[in-house]
Amino acid sequence: MNAKVLRDSFEAGDSTLRPRAFQSVVYGGLAVGVLDGLAASISSLLRGGNPIRVFQYVASGVLGKEAFSGGTPTFLLGVLLHFVVALGAAGVYYIACLRFPVLLEKAVLYGPLYGIAVYFVMAYIISPMSLTARSPFSFNGMLIQITIHVLFVGLPIAFLARQSALNQPLKADQDTAKQL
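Here my numbering = 1-based position in the sequence shown + 28.
Okay, structure coming up:
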């Protein structure tokens with residue numbers, strides 16, 4: 029199935045064309061985990077920081093400030109939690125695509141918007157409810173994070189969901205869509 033078929037199905041109102049769950053969620057989550065993790069690590073290095081502390085910061089969401097003195101175990105916990113969040117973000121987009129197939133058709137538009145939404149949810153809802161230390165607001169830091177989330181969170185999730193829809197949809201995914 030190619031992009032023309034996808035476009036034609038939207039124009040015809042074909043609601044059976046759906047992303048595949050595994051490809052959307054697992055591949056999307058893994059891609060975002062790697063890309064966003066690398067972007068955060070490189071950003072930290074460019075500011076004179078240590079990439080290990082990036083993931084210890086993630087672990088501090090559940091462990092508090094003790095995560096920074098936990099060495100390799102808290103670094104690894106942070107990596108694991110980072111990938112769990114990435115898989116969750118891909119899962120939410122997948123579910124949204126089942127309800128709103130236009131997200132697949134216009135991935136270039138909705139991917140970046142989703143990346144921005146993920147940033148704001150993480151920064152202003154999830155992080156404040158966690159045990160992470162509060163940092164002073166930085167407009168420049170926010171712009172950097174939004175850019176990272178547009179390029180390395182929203183776009184990969186949207187493109188992988190779209191790509192999975194270009195493949196023949198699985199019967200199980202169609203049944204899932206009907207249940208939602």
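Beta carbons: idealized from backbone N, C-alpha and C, even for Gly.
Next on the checklist: Assess contact between the region 154-174 and the region 121-129, defined as three or more Cβ pairs (one per stretch) separated by less than 8 Å. Is contact present?
Outcome noted: no
Checklist entry - Could you give the residue range of the alpha helix (DSSP H) that holds residue 100? => result 99-127
Checklist entry - Does DSSP put residue 164 in a helix, in a strand, or in coil? => result coil
Next on the checklist: Can you tell me whether residue 102 sits near the ligand GTP, meaning its C-beta is under 8 Å from at least one heavy atom of the ligand?
Outcome noted: For the structure depicted, the ligand GTP is absent and the ligand set is empty, with no information on it obtainable.
Item to check | For residue 48, three-class secondary structure by DSSP | outcome: coil
Next on the checklist: Counting C-beta neighbours from all protein chains within 10 Å, is the total for residue 193 16 or more, i.e. buried, or is it exposed?
Outcome noted: buried
Item to check | Nearest candidate by alpha-carbon position, reference residue 189, set 149, 170, 155, 122 | outcome: 122
Checklist entry - Any chance the region 78-95 sits against the region 106-119, with 3 or more Cβ pairs inside 8 Å? => result yes
Next on the checklist: Contact defined as beta carbons within less than 8 Å: I believe residue 146 pairs with residue 182. What is the distance between those atoms, to the nearest angstrom?
Outcome noted: 7 Å
Checklist entry - Could you give the distance in angstroms between the alpha-carbon of residue 77 and the alpha-carbon of residue 118? => result 28 Å
Item to check | 7 Å Cβ shell around residue 70 - same chain, five flanking residues per side excluded | outcome: none
Next on the checklist: Could you tell me the alpha carbon to alpha carbon distance between residue 197 and residue 116, rounded to whole angstroms?
Outcome noted: Confidence at residue 197 is low in this model, with a pLDDT of 49, below 50, so its placement is unreliable and no value can be given for it.
Item to check | C-beta atoms of residue 114 and residue 64 nearer than 9 Å | outcome: yes
Next on the checklist: At the level of alpha carbons, what is the spacing between residue 53 and residue 74?
Outcome noted: 31 Å
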